[in-house]
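First the structure, in the form of structure tokens, and then the observations on it.
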Amino acid sequence: MDISAVNALPYEDFVNIFENVVERCPLIPAAVWTRRPFVSLGDMEAAINEFIDVLPDSGKEGILRCHPDLAGRDLRSGALTRESREEQASAGMAALSAGEAARMARLNHDYKERFGFPFVICARMNDKANILQQLSQRCLSARPAERARGIEEVKKICRLRLQALVLPDAPNKL
Ligand code: 2AL
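Residues in the sequence shown are numbered consecutively from 33, following our numbering.
Okay, here's the thing in structure tokens:
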């Protein structure tokens, strides 16, 4: 599917296809549908980012709260979205040692206690060691900085999810 095919999609198809480019936030593709036609995938990504950027802090934190913990309960129970499952697997989250899993659970808990939203990081751009290191470091940060940092990571995740759906050399992806 290329960008001209994206621009031709009816509303329902557009939302169905892009419903999870931001984790569990189908409102976002529903909102940017009216911004078509997009001149490129980057243009569509910019429309999504602009929508997110003008949300109040509560809306940005709401987006962060739609994200499952890394190596958390949803992974163990099989309740992750397909995208999240693949991303978490790519960063080794499905194959942690018992010690690593316990450390991750404790840090995820501490982070959420401190900020009121979960730790979010683009799993495909990090490995296990890196994620654990950043999680322990970011636990010491301040809420506004973490809100902004988490949203930057959401945008990276979104970019990779968009690229997986819309590529000029993947006309049969639909
Ligand atoms: C995730 C997720 O589900 N995929 C990803 O890249 N990061 N979750 C998270 N809490 O960072």
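The beta carbon of each residue, even a glycine, is placed where N, CA and C say it ideally should be.
Everything numeric in this text was worked out from a predicted model, so none of it was measured.
Between ligand 1 and H141, a heavy atom-to-CB distance of less than 7 Å is absent. Residues of the same chain with a CB within less than 8 Å of the CB of R135, apart from the 5 flanking positions on each side, are L164 in chain order.
Residue state for D101 is assigned as coil, using DSSP reduced to three classes.
In the structure shown, the three-state DSSP call for R56 is coil. Assigned with DSSP and collapsed to three states, A130 falls in helix.
If you ignore the 5 residues before and after R67, its C-beta comes within less than 6 Å of the C-beta of A79, all in its own chain and listed in chain order. When DSSP states are grouped into helix, strand and coil, T113 belongs to the coil group.
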